[in-house]
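Quick note on numbering: the sequence shown equals residues 0 to 201 in numbering that gives the first Met the number 0.
We put the beta carbon where it would ideally sit given N, CA and C, even for glycine.
Let me begin by presenting the structure, written as structure tokens, before commenting on it.
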Amino acid sequence: MSKKSNILTIIYHFIFGVTSSVVGAIIASWPLLLVFVIVQKTNKTVNLSIGQVMHNYNQLMWYLIWPFKHKLKMSNLPTSPLAAQHFADVKKLLVLAVLTFLCCLLIFLWNRSQKNKVMKLNKVWALLFLLLPIAVLPFALTNFDNFFVVFHHLLFAGSSTWLFDPGTDPIINVLTEGFFASCFAVAGIIYELYFANQLLER
């Protein structure tokens with residue numbers, strides 16, 4: 000295998016690992032939110048039933064991941080212009096992640112059908128990618144709130160639209176810190192499992 004092929008393989012697996020974790024977290028967010036709403040009773044803070052909260056979340060997520068939906072409208076929860084801008088920014092990232100994941104999945108299925116090891120990741124790189132999140136794990140575990148802030152500053156540099164006011168954007172009362180932390184945990188676990196599998200694969 001050429002050096003160029005090695006570089007492309009490394010990039011491919013890193014992107015596939017990251018986008019797999021994002022898509023996995025998106026899917027897991029529905030049951031996670033349901034659990035947090037039931038346990039924390041956050042539906043009462045927005046004066047809605049649990050079913051209504053989940054319906055509004057469905058509307059939000061459909062907007063965020065469906066490329067052809069251009070306007071966010073939740074039935075029971077208003078959205079301020081600043082929050083709408085933030086969700087539009089998030090939408091760009093999530094749609095890109097989902098489409099990239101699907102492309103990587105197609106490449107994976109093609110490679111598997113060929114029964115070859117063209118896209119096999121070197122174990123050294125698999126180990127490096129596996130250990131990469133450990134650098135931020137202590138910070139995330141000990142102070143998720145600060146980690147969440149830093150994450151947004153990095154991802155949405157120069158923007159403060161992600162600082163929601165519960166008075167104008169009550170959705171933030173439902174999407175609690177615990178909920179986001181759980182989504183990040185799911186993403187981290189999927190990422191680690193992806194590269195652990197690459198490391199153990201013969």
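Query	Result
Could you tell me how far apart the beta carbons of PHE194 and GLY16 are, in whole angstroms, since I believe they sit closer than 8 Å?	6 Å
Look at ILE170 and LEU59 and say whether their C-beta atoms are less than 9 Å apart.	yes
Would you identify the three-state DSSP class for PRO217, choosing helix, strand or coil?	Because the chain here runs from 0 to 201, residue 217 falls outside it and cannot be looked at.
Rounded to the nearest angstrom, what separates GLY166 and ASN46 at their Cα positions?	13 Å
Closer than 8 Å by C-beta to CYS215: which residues in its own chain qualify, once you throw out the five before and the five after it? Chain order, please.	The structure shown does not extend to residue 215, since the chain spans only 0 to 201, so no value can be given for it.
Beta carbon of PHE179, beta carbon of PHE147: below 9 Å?	yes
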